[in-house]
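Asks:
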Amino acid sequence: MKMSLIVRTTTKLISPFLVAYSAYLMVYGHLSPGGGFQAGVILAVSIILLITSHGYNRVRKTFKFWEVQLIEGVSGEFLALLATVGVFSGGFFYNFLRGGELGSLISGGIIPLFNIGVALKVGAAFTFMFYILLRWVERD
1 MKMSLIVRTT TKLISPFLVA YSAYLMVYGH LSPGGGFQAG VILAVSIILL
51 ITSHGYNRVR KTFKFWEVQL IEGVSGEFLA LLATVGVFSG GFFYNFLRGG
101 ELGSLISGGI IPLFNIGVAL KVGAAFTFMF YILLRWVERD
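Counted from 1, the sequence shown has number 72 at position 72 by full-length UniProt numbering; the numbering is strictly sequential.
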């Protein structure tokens with residue numbers, strides 16, 4: 001089923017703002033309410049909105065199934081790397097990036113990096129699940 005021109009245009013206009021807000025939550029999640037999980041869900045919602053408004057076949061040309069799998073895998077490895085470097089620095093997820101003035105972006109240590117990894121993992125996982133559901137629906 002093809003959505004109306006208004007829905008498709010609105011989705012095209014809103015999606016970049018959702019991605020920008022997701023990036024803001026990824027980076028500044030340790031300073032304000034939000035963080036990796038919320039940013040990942042918003043990132044996935046922007047892609048899912050495009051899929052629902054423009055159709056699965058059109059969107060999957062841009063966001064390929066294997067690319068979503070790759071992002072999910074690499075972000076999981078990035079989180080494992082953060083944990084491993086922390087172990088060798090003093091403890092599991094040990095904050096090895098100290099410094100910065102309280103309330104500044106740098107004051108979070110590894111938390112912004114952790115938020116970015118979690119956001120990419122969650123966003124890719126939700127998008128991946130939606131792709132799988134759509135493939136299953138296409139078979140029926």
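Beta carbons: idealized from backbone N, C-alpha and C, even for Gly.
These figures come from a predicted structure and were not determined experimentally.
Along the chain, which unbroken stretches of the alpha helix (DSSP H) at least 4 residues long are found entirely within the stretch 49-89?
Replies: Entirely contained in the stretch 49-89, the alpha helix (DSSP H) runs reaching 4 residues are, in chain order, 56-59 and 65-89.
Asks: I'd like the list of long-range same chain contacts for Thr62, defined as Cβ closer than 7 Å, with 5 residues on each side in sequence excluded.
Replies: Contacts found: none.
Asks: By a C-beta neighbour count over all protein chains shown, 10 Å radius and 16 as the cutoff for buried, is Ile115 buried or exposed?
Replies: The question names Ile, but residue 115 in the sequence shown is Asn. The residue in question, Asn115, is buried, as its Cβ has 16 or more Cβ neighbours within 10 Å.
Asks: Just the Cα atoms here: how many angstroms apart are Phe78 and Leu113?
Replies: Whole-angstrom Cα-Cα distance: 9 Å.
Asks: In whole angstroms, what is the alpha-carbon distance linking His30 and Leu13?
Replies: Their backbone Cα atoms lie some 28 Å apart in a straight line.
Asks: DSSP three-state call for Ile132: helix, strand or coil?
Replies: It is helical.
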